[in-house]
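K.L.:
Here it is: the structure, laid out below.
2 protein chains.
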Amino acid sequence: MNEAIVQAEKALRKGEVPVGVVIVKDKKIIARAYNKRESKKDATCHAEILAIRKACKYIKDWRLNGCVMYVTLEPCSMCMGAIKQARISKVIYGTNNEKDIELPLVISQNTMYKEECSNLLRDFFKKRRNQ
Amino acid sequence: MNEAIVQAEKALRKGEVPVGVVIVKDKKIIARAYNKRESKKDATCHAEILAIRKACKYIKDWRLNGCVMYVTLEPCSMCMGAIKQARISKVIYGTNNEKDIELPLVISQNTMYKEECSNLLRDFFKKRRNQ
């Protein structure tokens, strides 16, 4: 966690919300990152996402099984989702995230396209099963 | 949605799970993307995340207020989180996502570091409020 705090301090010095992450595999740090949302002008550039991208690059696989993430702040829902997508099995965080983002969002289905979109996926998985 | 389907078809041809996205602002497509998880070997490379990154780059802001996302598949929790982080206000999807990822994940707090991590954030927001 000390290394994650060092990362958060880097974010702070650059005027970013200070959040830092390290990802560890077999007791070795394989990725370090800090929040770069402002400098990259990119909503996905939370420290966790950047660290996962680095760790995937290092491992050469999108699966980070057996990796542990140390993060100074409890992850938001985007980052929790990314942690699950990357198959990270353990997360240790420092302080609590009291406000996860809650904004009005309209999400609706266009059922006209349902079959076409669904068929694309069905055919893909069918083909893969048969390989 | 037709354009999103064209993107999903591109993914299909490259052996990726076929999901496609476009982001529209003021009736103009500002970002197109398809799932690249396998080719990039990166768990965060879902179509939605890639499209958000492109749209942020185009708008030169991490805030995509007023943008609408068209996506062939109902977004997973990572992508829903990213949509909210990016302030996208409307999402239209084609087919339903029946399985969101559910894997065993241990998430725990290391309270020894709570104060240090929390102070970093408190000082940052305090300073920003005073500016």
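So the sequences go chain by chain: A and B.
Under this note's numbering, think of the first position of the first sequence as 1169, with each following residue one higher.
Under this note's numbering, think of the first position of the second sequence as 1169, with each following residue one higher.
Cβ coordinates follow ideal geometry from the N, Cα and C atoms, glycine included.
With a threshold of 16 other CB atoms inside 10 Å of the CB of residue 1301 (chain A), please say whether the residue is buried or exposed.
P.N.:
Look at the range of chain A in this structure, 1169 to 1299, and you will see that residue 1301 (chain A) is not part of it.
K.L.:
Just to make sure I have the definition right: I need the residues of chain A whose C-beta is within less than 8 Å of the C-beta of residue 1244 (chain B). Which are they?
P.N.:
Numbered from 1 along the second sequence, position 76 holds the residue referred to as residue 1244 (chain B). Those within 8 Å of residue 1244 (chain B) in chain A are 1249, 1253.
K.L.:
Can you list the residues of chain B that residue 1262 (chain A) reaches, using a CB-CB cut of under 8 Å?
P.N.:
Within the first sequence, numbered from 1, the residue matching residue 1262 (chain A) stands at position 94. What residue 1262 (chain A) touches in chain B: 1277, 1278, 1281, 1282, 1284, 1285, 1286.
K.L.:
Output the distance between the C-alpha atoms of residue 1292 (chain A) and residue 1298 (chain A), rounded to the nearest integer angstrom.
P.N.:
Along the first sequence, one-based indexing puts residue 1292 (chain A) at 124. Along the first sequence, one-based indexing puts residue 1298 (chain A) at 130. Each residue's alpha carbon lies about 10 Å from the other.
K.L.:
Mind checking which residues open and close the beta strand (DSSP E) that includes residue 1187 (chain B)?
P.N.:
In the second sequence, counting from the first residue as 1, residue 1187 (chain B) sits at position 19. Per DSSP, residue 1187 (chain B) belongs to no beta strand (DSSP E) and is neither H nor E.
K.L.:
Assuming the contact rule is C-beta atoms closer than 8 Å, residue 1199 (chain A) and residue 1176 (chain A) should be a hit. Round their C-beta distance to whole Å, please.
P.N.:
Locating residue 1199 (chain A) in the first sequence gives position 31, counting from the first residue. Locating residue 1176 (chain A) in the first sequence gives position 8, counting from the first residue. Contact doesn't hold; Cβ gap of about 15 Å is too wide.
K.L.:
Is it the case that the Cβ atoms of residue 1260 (chain A) and residue 1238 (chain A) are separated by a distance below 9 Å?
P.N.:
In the first sequence, counting from the first residue as 1, residue 1260 (chain A) sits at position 92. In the first sequence, counting from the first residue as 1, residue 1238 (chain A) sits at position 70. Against a cut-off of 9 Å, the Cβ pair of residue 1238 (chain A) and residue 1260 (chain A) comes out as a contact.
K.L.:
Could you spell out where the beta strand (DSSP E) holding residue 1226 (chain B) opens and where it closes?
P.N.:
Along the second sequence, read from residue 1 onward, the residue named residue 1226 (chain B) stands at position 58. Segment 1215-1227 is the alpha helix (DSSP H) holding residue 1226 (chain B); no beta strand (DSSP E) there.
K.L.:
Out of A:1213, A:1236, A:1276, A:1240, state which residue places its alpha-carbon closest to the alpha-carbon of residue 1194 (chain A).
P.N.:
Residue mapping note: residue 1194 (chain A) aligns to position 26 of the first sequence, counting from 1. Checked all of A:1213, A:1236, A:1276, A:1240; the closest Cα to residue 1194 (chain A) is A:1236.
K.L.:
Give me the residue from A:1174, A:1212, A:1289 with the minimum Cα distance to residue 1262 (chain B).
P.N.:
Position 94 of the second sequence, counted from the start, is the residue given in the question as residue 1262 (chain B). The residue with the shortest Cα to Cα distance from residue 1262 (chain B) is A:1289.
K.L.:
To the nearest angstrom, report how far apart residue 1170 (chain B) and residue 1186 (chain B) are at their CA atoms.
P.N.:
Locating residue 1170 (chain B) in the second sequence gives position 2, counting from the first residue. Locating residue 1186 (chain B) in the second sequence gives position 18, counting from the first residue. Distance between the alpha carbons of residue 1170 (chain B) and residue 1186 (chain B) is about 14 Å.
K.L.:
How many whole angstroms separate the CB atoms of residue 1250 (chain B) and residue 1211 (chain A), which I take to be in contact at a CB cut-off of 8 Å?
P.N.:
Looking up residue 1250 (chain B) in the second sequence gives position 82. Looking up residue 1211 (chain A) in the first sequence gives position 43. About 7 Å separates the two Cβ atoms, so the contact holds.
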